[in-house]
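Notes follow the structure.
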Amino acid sequence: MTTGNPHNALLLGIDFGTSRTAVMSNRKFKELIHSVVGYPRDIIGVKILNRTQVIGAEALDKRSLLELHFPLENGVLREGSEKELEAAHELLRHTIELAEPRAGEKICGVIGVPARASVANKEQLLKLTEGLMDIAMVVSEPFMVAYGLSKLTNAFIVDIGAGTTDICAMKGTVPSVENQATILKGGDYVDELLVAAIRDAYPTAQLDRHVARRIKEHSSFVGEPGDPIIQILRLNGRPTEVDLTDAVRATCETIVPDIVEHLKRLLLVFDADHQAEALSNIILAGGGSRIRGLGAMIGHHLREYGDVRVTMVADPDFSGAQGALKLAMELPPEYWNQIGDVIGTVG
């Protein structure tokens, strides 16, 4: 396929995620940003920061000074709050500015959304790009991953993000609604359960979901444990070693049954002659793909269907953005409306 950039435009692939936003450009730029915008709580915060907003990792680091806004929930824009929409606009603007667009050039972006995102939410996200991009398209996140890997037929993509887990059955065409599933359980769901499990085991533990997320991202697993997960938490203010092995395993395993059930259901969309090949091409993507033992556990639960092979993408942080950029570079923007929902023109 020939390259699709006749307009000498800045092409962007963006995975606009609940927890993190990944962006890549046709000028070899890539960046991963925490999807959070912080506003100072009062004049003291403004004085200390010398700014009226902070975006990304710095906002999390300085959260005691800030009101944090996570503009995406379950992988889509939060509804009903002008402040959240303002935060989403600022996050997207910041993401684009990081790619250093040149004066006067067209900006064309492909943005990932959950597989079953509503028409209204897609429209809302596209409206957010007005004034920031000349043309923007939203497409299914697992489809972006599949496109980047050239896994376009007889394959499953299981994209485990912070807000959702998206599953897509790739059959050699742009996937329809019937060939995809969105599960409202992802990394954030596991974080909330982990906080509750730790507090049940250690009632005086001082922690929040940011601390739980760090523990999960460092030590997550399902199935048989390796070494015990020993962490130092403050219990009534005193640093104390605690064993979190059981809590981490139990909470991580909560996402497995839904994934398995949807894989079983979506297996039936393939012709019988192609189901064995699809089962040998189950690909885990997104941050949750790093959970140790997850592929083996999914394969175990599907063993009655035949030989199962579950693999993981090489770069979970950027596999979605990479696929989006590849799509933007290979398909001229004037044809984007054949693939997804589009706003704007480059004419």
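The sequence shown runs contiguously to residue 346 in numbering that gives the first Met the number 0. The beta-carbon is built from N, C-alpha and C at its ideal position, and this holds for glycine as well.
Reduced DSSP category for K215 - H, G, I as helix; E, B as strand; rest coil: Helix, per DSSP.
Exposed unless 16 or more other CB atoms sit within 10 angstroms - verdict on I297: Counting Cβ neighbours within 10 Å, I297 comes out buried, since at least 16 surround it.
Local conformation of G287 per DSSP, three classes: DSSP places G287 within a helical segment (H, G or I) once states are collapsed to three.
Residue closest to Q337, alpha-carbon to alpha-carbon, out of H33, N49, L127, M136: Its Cα nearest to that of Q337, the residue M136 stands out among H33, N49, L127, M136.
N- and C-terminal bounds of the alpha helix (DSSP H) containing L206: Unbroken run through L206: none, as it is neither H nor E.
Nearest-angstrom beta carbon gap, L67 and G37 [assumed within contact, 8 Å]: Cβ-Cβ separation between G37 and L67: approximately 5 Å, consistent with a contact (criterion under 8 Å).
Span separating the alpha-carbon of V157 from that of N49: It is roughly 42 Å from the alpha-carbon of V157 to the alpha-carbon of N49.
Residues that DSSP places opposite V309 in a beta bridge: DSSP output for V309 lists I281 as bridge partner(s).
Residue burial classification, V341 (beta-carbon count within 10 angstroms, cutoff 16): Burial check for V341: the Cβ neighbour count within 10 Å reaches 16 or more, so the residue is buried.
8 Å Cβ shell around M0 - same chain, five flanking residues per side excluded: With a pLDDT of only 39 at M0, under 50, the local geometry of the prediction cannot be trusted, and the value read off the model is given with reservation. Around M0: E329, L330.
Boundaries of the beta strand (DSSP E) in which I182 is found, first to last residue: It spans 179–182 - the beta strand (DSSP E) in which I182 sits, taken as one unbroken run.
Reduced DSSP category for G294 - H, G, I as helix; E, B as strand; rest coil: Helix.
Segments of 4+ residues assigned as alpha helix (DSSP H) that fall wholly inside the segment 110–138: Unbroken alpha helix (DSSP H) stretches of 4 residues or longer found wholly inside the segment 110–138: 118–127, given in chain order.
Three-state secondary structure (DSSP) of E240: Of the three classes helix, strand and coil, the one that applies to E240 here is strand, per DSSP.
Length of the line joining the Cα atoms of G222 and I290: If I take the Cα positions, the gap works out to 10 Å.
Whole-angstrom C-beta distance between A196 and A249, which should lie under 8 Å: Right, their Cβ atoms sit about 6 Å apart.
Backbone CA spacing between K150 and L65 [nearest angstrom]: So the two alpha carbons sit approximately 43 Å from each other.
Runs of beta strand (DSSP E) wholly within the segment 9–58 (minimum 3 residues, chain order): Assignment of beta strand (DSSP E) within the segment 9–58, counting only whole runs of 3 or more residues, yields 9–15, 19–24, 29–33, 36–39 in chain order.
Cut-off 7 Å between Cβ atoms - residues of its own chain near L192, not counting five sequence neighbours on either side: The beta carbon of L192 lies closer than 7 Å to those of T250, T253 in the same chain, with the five residues before and after it left out.
Distance CB(L243)-CB(I214) smaller than 8 Å: Going by C-beta atoms, L243 is nearer than 8 Å to I214.
Beta-carbon spacing of D14, A323 below 8 Å: When the beta-carbon positions are compared, D14 and A323 come within less than 8 Å of each other.
Per DSSP, the bridge partner or partners of M169: Note: M169 sits in a beta bridge opposite A154.
Distance cut-off 7 Å: L124 Cβ against heavy atoms of the ligand SAH: The model depicted lacks the ligand SAH and carries no ligand whatsoever.
Closest Cα partner of L348 within the set L148, D41, T20: With the chain running from 0 to 346 in the structure shown, residue 348 is simply not present.
Buried/exposed call for G55, threshold 16 Cβ in 10 Å: Buried, because 16 or more other Cβ atoms sit within 10 Å of the Cβ of G55.
Among A116, E72, T152, the one whose alpha carbon lies nearest that of I282: Restricting attention to A116, E72, T152, the CA atom closest to the CA of I282 is found in T152.
Cβ separation of P70 and S34, assumed to be a contact under 8 Å, to the nearest whole Å: That belief holds up - the Cβ atoms of P70 and S34 are roughly 7 Å apart, short of 8 Å.
Per-residue DSSP class, three states only, for V221: The answer is coil: DSSP assigns V221 none of H, G, I, E or B.
CA-to-CA distance, G287 to W335, given in whole angstroms: When rounded, the distance between both Cα atoms is 29 Å.
Sub-8 Å separation of L278 and L301 beta-carbons: Yes, the pair counts as a contact, with Cβ atoms nearer than the cut-off.
Assigned exposure category for T2 - 16 Cβ within 10 Å defines buried: Because T2 carries a pLDDT of 46, less than 50, the predicted location of this residue cannot be relied on, and the following value inherits that uncertainty. Only exposed fits T2, as fewer than 16 other CB atoms lie within 10 angstroms of its CB.
Status (buried if at least 16 other CB within 10 Å, exposed otherwise) for S139: That one is buried.
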